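Structure, as structure tokens:
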Amino acid sequence: VLYSSDIISSPWVKVRTNVTLAPGYLTPDNTFKLTPTIGDGVHYIQQSINGESSEGEFYTFSCFAKSDGYKYARLRAADGAGFISDVVVNLETGDIHSGQQNSLVTYIGGGWFRFTELIVVRGNGANKLDITIGVNDNSTQLTYPGDGSSGILVSSPQIEKSEFATSPIVTDASPVTRHSASAKVTM
């Protein structure tokens, strides 16, 4: 994901959603409020990740989220043929309202949850993933008119070529690959 530390930036497409910096929450400089506009429709942010992938490869899409007026958030991933991953989570309880069997929600304290969504690449020759963070209303509706002030807080979205999520990786204009862990013990 590009600009995991600044989802106000242009690689993030905003659809009927205003994005503002929300400092002082989970992290001092990369927590954002997603506020659905008053227009009727689906409310989300999305980024396309281009690159080659092979059938059966695993990717993990994750982010941190907290209720701030609306209590349901949605993570989706799609390739050129359609959705391959989709989960809706209640941000007050951490319960998965709907979604795939490959979803994990972890409470980290202070009302914050970490979503983790395992994605398995299909064999349709897709060369991109579209990742989406959406705001559903309090009755879980995907399409609704926002009130212009309620929303959700989001931090540290990332996608990794891995079967599990790691600690947040801060990115800007270029993708970042985590270096492999190593330890050296001197005796």
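Position 72 of the sequence shown, counted from 1, bears residue number 75 in my numbering, the numbering being contiguous throughout. Just so you know, even glycine gets a beta-carbon here, dropped at the ideal spot from N, CA and C. From a predicted model like this one, the values you see are computed outputs, not experimental measurements.
So, helix, strand or coil for residue i, using DSSP?
| i | result |
| --- | --- |
| K164 | coil |
| Y73 | coil |
| L24 | strand |
| L78 | strand |
| A68 | strand |
| L156 | strand |
Could you compute how far the alpha carbon of residue i sits from the alpha carbon of residue j?
| i | j | result |
| --- | --- | --- |
| D71 | Y147 | 17 Å |
| N93 | T119 | 14 Å |
| T23 | K36 | 5 Å |
| L132 | I52 | 5 Å |
| G85 | T20 | 22 Å |
| T169 | R117 | 11 Å |
| E58 | V108 | 26 Å |
| A80 | Y28 | 26 Å |
| S152 | T38 | 6 Å |
Around the Cβ of residue i, are there at least 16 other Cβ atoms within 10 angstroms (buried) or fewer (exposed)?
| i | result |
| --- | --- |
| Y75 | buried |
| S56 | buried |
| V16 | exposed |
| S65 | buried |
| N139 | buried |
| T96 | exposed |
With which residues is residue i paired in a DSSP beta bridge?
| i | result |
| --- | --- |
| V124 | Partner(s): none; V124 has no beta bridge. |
| R117 | F67 and T109 |
Between the segment 33 to 49 and the segment 138 to 147, do three or more beta carbon pairs fall short of 8 Å?
-> yes
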